[in-house]
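Colleague:
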Amino acid sequence: MKVKFSFLLLILTFLLFTNDVSAIPVINFTYPTLNNDTTIASTSTEINISITEKDLEEFIWNWNGANYTFYNNSLVLMFNFNNVSALGENDTYVVDLSKYSNNGTVNGTSVMSLTGGKYYGAFNFNGDNSTIIVNNTNHLNITNNITISAWIKLDELDRPNTILSKESYSLKIKPDNSIDFGIVSDYNETNWTEVIYDNKGEEHIRGLAVSDDYLYAGSNPNGKIFRTLNGIDWTEIEDTPSNFTNSFVKYNNYLYSGGSGKIYRSSDGIDWVQVGDVGRFFTFAVFNGYLYAGGGEREGGTSARIFRTSNGVDWTLVKDTGEGSNGYIRSLTVFNGYLYGGSYPNGKILRSSNGTTWTEINSTGQGNIRNFAVYKGKLYAGTTPNGKIYYMGNGFNLYSNTKISQNEWTHIAVTYDKDLSSENAKIYINGILDTSKNFT
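Sequential numbering from 1 applies to the sequence shown in the working numbering.
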């Protein structure tokens, strides 16, 4: 799968040069800008403006007597993807055209195309391990009001894609090809809140998964399944055929299930076929196009291990964490651009940006982390032996009604204004409001 997108503001393209010039900016309207007094039949046109200015503070566009601010201090990131050498850009380096120099480094197999974009340049991503990485700065740590826009083109459908992702906000494409706009308004990876619910004597929360607006929890020793619509009120729905299912996940149109070291998959949820044997298995996660499986060696082993596959059948060992005697990776999940892992027996929470290099960030101090799930802007963690669930963060996810089409350039814009009393989150597709909702 390949995704191409350009961060553009409507149809306006900037070139900013930092060489010394006079106090008056030099502005040129260049091709393909139309001549003055040109009449067109279409509803849009491209205007290419080159601005030579040492310190551009603000850019205002006047249209039919109304002023539109395109460029001021509130713009914190803008990529044209035009590979302009005068700006210092090349195939592996992208310059941020805002005043904050949040420049990006091309990672993986991203390919620059100067003719394949909606307006000139674009980057072609393989959908698995190619990204543009921007260093974390205070200007990008946005938790209140934000606008994100991009031109995207999907070469393949029916799989998750990330346009932009950070701890406190994200813009993604869901496997059903709808847009997912997420905000975490009080992101703090050290604060976790217990979810109060009747666990009906179950000691272990072994599986968490989201399906059709419900959050599901699978338990042990009786194999009960609970679900919730709000993250607080849980309803028991049925027992599983086994006394435990360590984890389940949807990947490339199959439902995967794992326990006792073996991995199974099903296309209908009824007929299951074994597709893997990875030692002691505990957890799944889908990250950057791969399906990950976490666990460890057989009983008495000393290594916690992570495997991954790109086809669901052939598994490769990618990480041996060396957690110590009887150490296991009990839980894996993706949250705002990172792959998280929870370990046993020490209850550590680890995270990785590439699936192989890991950093310890925190422990809940409330037993061992058994599993994770992301639900309505929060990261949930199920624990053992106390059978409790905790969450981190407070935010929302807004989903579009419209599905993105294949091989068509689509403009996406999302906004969140915390100060509005109603409909403070919106998704626009090709300039038309698709959906809106109020979140507090």
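Idealized CB from N, CA, C, for every residue including glycine.
All values derive from a computational prediction rather than experimental measurement.
Return the chain-ordered list of same chain residues with a C-beta closer than 8 angstroms to the C-beta of Val21, the five sequence neighbours on each side being excluded.
Modeller: As a working mapping, residue 21 is identified with position 21 in the sequence shown. Residue placement at Val21 is flagged as unreliable, the pLDDT there being 47, under the threshold of 50; a coordinate-derived value is accordingly withheld.
Colleague: Taking the CB atoms as reference points, tell me whether Gly375 and Leu164 lie closer together than 8 angstroms.
Modeller: As a position in the sequence shown, residue 375 is number 375, starting the count at 1. As a position in the sequence shown, residue 164 is number 164, starting the count at 1. Strictly speaking, residue 375 in this sequence is Tyr, with Gly absent from that position. Contact: no.
Colleague: For Tyr120 versus Ile142, is the C-beta spacing smaller than 8 angstroms?
Modeller: Along the sequence shown, one-based indexing puts residue 120 at 120. Along the sequence shown, one-based indexing puts residue 142 at 142. No. Outside cutoff.
Colleague: Of the residues Gly279, Phe226 and Phe59, which one's Cα is nearest the Cα of Asn67?
Modeller: Position 67 of the sequence shown, counted from the start, is the residue given in the question as residue 67. If we check each option's Cα against that of Asn67, Phe59 comes out closest.
Colleague: Excluding the 5 residues flanking Thr440 on each side, which residues of the same chain have their C-beta closer than 7 angstroms to its C-beta?
Modeller: Position 440 of the sequence shown, counted from the first residue, corresponds to residue 440. Around Thr440: no qualifying Cβ.
Colleague: Roughly how many angstroms separate the alpha carbons of Glu423 and Ser436, rounded to a whole number?
Modeller: Against the sequence shown, residue 423 aligns to sequence position 423. Against the sequence shown, residue 436 aligns to sequence position 436. Their Cα atoms are separated by approximately 5 angstroms.
Colleague: Measure the Cβ-Cβ separation of Ile263 and Gly279 and say whether it is below 8 angstroms.
Modeller: For this step, residue 263 is matched to residue 263 along the sequence shown. For this step, residue 279 is matched to residue 279 along the sequence shown. No; because the gap between Cβ atoms is not below 8 angstroms, this pair is not in contact.
Colleague: Would you be able to state if there are at least three C-beta pairs under 8 angstroms between the stretch 172-187 and the stretch 143-161?
Modeller: Yes, the stretch 143-161 touches the stretch 172-187.
Colleague: Contact defined as beta carbons within less than 8 angstroms: I believe Leu339 pairs with Arg330. What is the distance between those atoms, to the nearest angstrom?
Modeller: To locate residue 339, count along the sequence shown from 1; it is residue 339. To locate residue 330, count along the sequence shown from 1; it is residue 330. Wrong, their Cβ atoms sit about 14 angstroms apart, outside the cutoff.
Colleague: With DSSP run on the structure shown, which of helix, strand or coil describes Thr440?
Modeller: Translated into the one-based positions of the sequence shown, residue 440 becomes position 440. Thr440: coil per DSSP, three-state reduction.
Colleague: Count the other C-beta atoms from every protein chain shown that fall within 10 angstroms of the C-beta of Trp315, then say buried if there are 16 or more, exposed otherwise.
Modeller: Reading the sequence shown from its first residue, position 315 is the one you call residue 315. So Trp315 ends up on the buried side.
Colleague: Taking only three categories from DSSP, how would you classify Ile432?
Modeller: Start at 1 with the first residue of the sequence shown, and residue 432 comes out as number 432. Ile432: strand per DSSP, three-state reduction.
Colleague: Looking only at its chain, what residues have a beta carbon closer than 6 angstroms to the beta carbon of Ser149, apart from the 5 residues adjacent to it on each side?
Modeller: Residue mapping note: residue 149 aligns to position 149 of the sequence shown, counting from 1. Closer than 6 angstroms at the Cβ level, and outside the excluded window around Ser149, lie Ala413.
Colleague: Name the two residues that bound the continuous beta strand (DSSP E) containing Asn67.
Modeller: Here residue 67 corresponds to residue number 67 of the sequence shown, with the count starting at 1. Counting along the chain, the beta strand (DSSP E) containing Asn67 begins and ends at Ala66 to Tyr71.
Colleague: So, with DSSP's three-state summary, where would you put Ala444?
Modeller: Lying before the first or after the last residue shown, residue 444 is absent from the chain, which here runs from 1 to 440.
Colleague: With C-beta atoms as the reference, is Asn246 less than 8 angstroms away from Phe282?
Modeller: Within the sequence shown, the letter at position 246 stands for residue 246. Within the sequence shown, the letter at position 282 stands for residue 282. Contact flag set, yes.
Colleague: Locate the beta strand (DSSP E) running through Gln274, then write down its first and last residues.
Modeller: Along the sequence shown, one-based indexing puts residue 274 at 274. Run containing Gln274: Val273 to Asp277, per the beta strand (DSSP E) assignment.
Colleague: DSSP state of Asn107, grouped into three classes?
Modeller: Counting from one through the sequence shown, the residue named residue 107 turns up at place 107. If DSSP states are grouped into helix, strand and coil, Asn107 belongs with the strands.
Colleague: Exposed or buried, Val106, counting other C-beta atoms within 10 Å across all chains shown (16 or more means buried)?
Modeller: Sequence index remark: in the sequence shown, residue 106 carries index 106 (1-based). Burial call: buried.
Colleague: Hey, Ala313 and Gly355: beta-carbon distance below 8 angstroms or not?
Modeller: Locating residue 313 in the sequence shown gives position 313, where the first residue counts as 1. Locating residue 355 in the sequence shown gives position 355, where the first residue counts as 1. Reading off the sequence shown, one finds Val at residue 313, where the question assumed Ala. No, the Cβ-Cβ distance between Val313 and Gly355 is not below 8 angstroms.
Colleague: According to DSSP, is Leu12 part of a helix, a strand, or is it coil?
Modeller: What you label residue 12 is simply residue 12 of the sequence shown in a count that begins at 1. At Leu12 the pLDDT is 41, less than 50, meaning the model places this residue with poor confidence and gives no usable figure here.
Colleague: With DSSP run on the structure shown, which of helix, strand or coil describes Asn48?
Modeller: Within the sequence shown, residue 48 is the residue found at index 48, counting from 1. Correct three-state label for Asn48: strand.
Colleague: Contact defined as beta carbons within less than 8 angstroms: I believe Asn82 pairs with Leu114. What is the distance between those atoms, to the nearest angstrom?
Modeller: Here residue 82 refers to the residue found at position 82 of the sequence shown. Here residue 114 refers to the residue found at position 114 of the sequence shown. With 8 angstroms as the limit, Asn82 and Leu114 qualify as a contact, their Cβ atoms being about 7 angstroms apart.
Colleague: Got a sec? Which residues, its chain only, sit under 6 angstroms from Tyr428 by beta carbon, not counting five neighbours each side?
Modeller: Translated into the one-based positions of the sequence shown, residue 428 becomes position 428. Closer than 6 angstroms at Cβ, skipping near neighbours: Ala413.
Colleague: Taking the beta strand (DSSP E) that Gly294 falls in, what are its first and last residues?
Modeller: Sequence index remark: in the sequence shown, residue 294 carries index 294 (1-based). First-last of the beta strand (DSSP E) with Gly294: Tyr290 to Gly296.
Colleague: From the DSSP output, in three-state form, read off Ser422 for me.
Modeller: Taking the first residue of the sequence shown as position 1, residue 422 is located at position 422. In the structure shown, Ser422 sits in coil (DSSP, three-state: anything other than H, G, I, E or B).
Colleague: Could you tell me if Gly295 is buried or exposed, where buried requires 16 or more neighbouring beta carbons within 10 angstroms of its beta carbon?
Modeller: For the purposes of this step, residue 295 is taken as residue 295 along the sequence shown, with counting starting at 1. Buried: at least 16 other Cβ atoms inside 10 Å.
Colleague: Within 10 angstroms of the Cβ of Ser343, are there 16 or more other Cβ atoms? Answer buried if so, exposed if not.
Modeller: For this step, residue 343 is matched to residue 343 along the sequence shown. Burial call: buried.
Colleague: Can you tell me whether Asn401 is helix, strand or coil according to DSSP?
Modeller: Against the sequence shown, residue 401 aligns to sequence position 401. Residue state, collapsed to three classes: strand.
Colleague: Just to confirm, is the Cβ distance from Asn145 to Tyr380 under 8 angstroms?
Modeller: Taking the sequence shown and counting its residues from 1, the one referred to as residue 145 is at position 145. Taking the sequence shown and counting its residues from 1, the one referred to as residue 380 is at position 380. Contact: no.
Colleague: Tell me the DSSP bridge mates of Thr33?
Modeller: Taking the first residue of the sequence shown as position 1, residue 33 is located at position 33. According to DSSP, Thr33 bridges with nothing at all.
Colleague: Under three-state DSSP, which class holds Ser310?
Modeller: On the sequence shown, residue 310 is found 310 positions in, with the first residue counted as 1. Of the three classes helix, strand and coil, the one that applies to Ser310 here is coil, per DSSP.
Colleague: Look up Leu114 in the DSSP assignment and say whether it is helix, strand or coil.
Modeller: Position 114 of the sequence shown, counting from 1, holds the residue named residue 114. In this structure, Leu114 counts as strand in the three-state DSSP scheme.
Colleague: To the nearest angstrom, report how far apart Lys153 and Asn64 are at their CA atoms.
Modeller: Sequence index remark: in the sequence shown, residue 153 carries index 153 (1-based). Sequence index remark: in the sequence shown, residue 64 carries index 64 (1-based). One C-alpha to the other measures close to 31 angstroms.
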